[in-house]
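In this text, residue positions in the sequence shown follow the working numbering: the first is 428, and each later residue adds one.
Please read the structure below before turning to the comments.
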Amino acid sequence: MSTFLGPAEWEAVALSLRVALTATLFSLPFGIAVAYLLARHRFPGHAIVNGLVHLPLILPPVVTGYLLLVSFGPQTPLGSALEAMGLGVAFRWTGAALAAAIMAFPLMVRAIRLSLEAVDPKLEEAASTLGASRLRVFVTITLPLMAPGILAGTVLAFAKAMGEFGATITFVSNIPGETRTVPSAIYAFLQVPGGEGAAWRLVIVSVVVAMGALIVSEVMARRMSARIGGRDA
428 MSTFLGPAEW EAVALSLRVA LTATLFSLPF GIAVAYLLAR HRFPGHAIVN GLVHLPLILP
488 PVVTGYLLLV SFGPQTPLGS ALEAMGLGVA FRWTGAALAA AIMAFPLMVR AIRLSLEAVD
548 PKLEEAASTL GASRLRVFVT ITLPLMAPGI LAGTVLAFAK AMGEFGATIT FVSNIPGETR
608 TVPSAIYAFL QVPGGEGAAW RLVIVSVVVA MGALIVSEVM ARRMSARIGG RDA
């Protein structure tokens, strides 16, 4: 890939992979917890929580980016406190990861929740009647059965994080080597004469990475489903 891409293009690809991987791994535990909460519990404000989780899918990405900027910007109380601790995220790659995680979170939660809702609660109840704790039931029964959904949600979140643009450029700008991910780099190359070639190469890389992730996800999900089905049989 290093011969196909120039140094600036490769830098954007490497940063995008770093941002997407960080965003996905950071989001996954929260995604599983929120999906379980929404699928298995009914409580006052359930609809509000569900709406807040899916809000980034509805809002224009630039709005999400602006909200992040006014919340974590260097001039805000929270942002300045994070800066003082060396944990500032505005105009840094960590901020790009945060924006990507927020934008990808609804897709992750939805996929995991649908998989969890397909798990028969009677299996969990049977394990509980045999004396298994709630945590053990979740780890040994629920989690393996919802594994295909977790995988699908993880891949969807990764692909979404790789392609995130609006919230990222609003929150962390388009700084070469720091926050210029693949979408931002494509946008930047299209603004300069002769940049179409570099933009096209990054478009090809984006398509290949996205399709590769989806194919791997499909293959692994089928294998997991077949293994679970064989175990149940």
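From the three backbone atoms N, C-alpha and C, an ideal C-beta is built for every residue, glycine too.
Just so you know, these numbers come straight off a predicted model, no measurement behind them.
1. Which residue spans inside the region 566 to 607 form an unbroken alpha helix (DSSP H) run of at least 4?
2. Are the CB atoms of G478 and I539 within a distance shorter than 7 Å?
3. Under the assumption that F598 contacts A508 (Cβ atoms under 8 Å), give the Cβ distance between them as a whole number of angstroms.
4. Counting Cβ pairs, one atom from each stretch, are 3 or more of them under 8 Å apart for the region 465 to 474 and the region 513 to 523?
5. In whole angstroms, give me the CA-to-CA distance for A660 and T581.
6. Can you tell me whether DSSP reads F407 as helix, strand or coil?
7. Throw me the rounded Cβ distance for the A612 and L629 pair, which I believe falls under 8 Å.
8. On the three-state DSSP scale, how would you describe V546?
9. H481 lies in the alpha helix (DSSP H); which residues open and close that run?
10. Does the region 585 to 596 come close enough to the region 557 to 572 that 3 or more CB-CB pairs lie under 8 Å?
11. Would you kindly report the start and end of the unbroken alpha helix (DSSP H) that includes G458?
12. Where does V636 fall in DSSP's three states?
13. How would you write the range of the alpha helix (DSSP H) that F616 sits in, first residue to last?
14. In this structure, does DSSP put S560 in helix, strand or coil?
15. By Cβ distance below 6 Å, which residues in the same chain neighbour A447 in space, the five residues on each side in sequence not counted?
16. How about A531 and T449: do their beta carbons lie closer than 7 Å?
17. Pick helix, strand or coil for L525, following the three-state DSSP scheme.
18. Anyone know if the C-beta pair for V609 and V440 falls short of 7 Å?
19. So, for V480: in the same chain, excluding its five sequence neighbours on each side, which residues have a beta-carbon less than 8 Å away from its beta-carbon?
20. Are the CB atoms of M573 and S542 within a distance shorter than 7 Å?
21. Roughly how many whole angstroms lie between the Cα atoms of L486 and I475?
The structure says:
1. The DSSP assignment places complete alpha helix (DSSP H) segments of no fewer than 4 residues inside the region 566 to 607 at 574 to 590, 593 to 599, in order along the chain.
2. Taking 7 Å as the Cβ cut-off, I539 and G478 do not qualify as a contacting pair.
3. So it is not a contact: roughly 17 Å between Cβ atoms.
4. At 8 Å Cβ cutoff, the stretches do not touch.
5. Here A660 scores only 47 on pLDDT, less than 50, and its place in the model should not be relied on; the value that follows carries that caveat. Approximately 27 Å, taken between the alpha carbons.
6. A question about residue 407 goes unanswered here, because the residues of the chain that appear run from 428 up to 660.
7. A612 to L629, Cβ: 6 Å. Contact.
8. DSSP places V546 outside both helix and strand once states are collapsed to three, so it counts as coil.
9. Counting along the chain, the alpha helix (DSSP H) containing H481 begins and ends at 473 to 485.
10. The way I'd put it, the region 557 to 572 doesn't touch the region 585 to 596; fewer than three beta-carbon pairs between them come closer than 8 Å.
11. Residues 434 to 467.
12. In the structure shown, V636 sits in a helix (DSSP, three-state: H, G or I).
13. Looking at the DSSP string, the run of the alpha helix (DSSP H) that includes F616 is 609 to 617.
14. The three-state reading of DSSP puts S560 in coil, since its state is none of H, G, I, E or B.
15. Apart from sequence neighbours up to five positions away, the residues of its chain that approach A447 with a beta-carbon distance below 6 Å are F585, A588, M589, ordered along the chain.
16. Not closer than 7 Å, so no.
17. The DSSP-derived three-state label of L525 is helix.
18. Going by C-beta atoms, V609 is nearer than 7 Å to V440.
19. Taking V480 as the centre and dropping the five residues before and after it, the same chain places the C-beta of V461, L465, F532, P533, V536 closer than 8 Å to its C-beta, in chain order.
20. M573 sits close to S542, with the two beta carbons spaced by under 7 Å.
21. Rounded to the nearest angstrom, the two C-alpha atoms are 15 Å apart.
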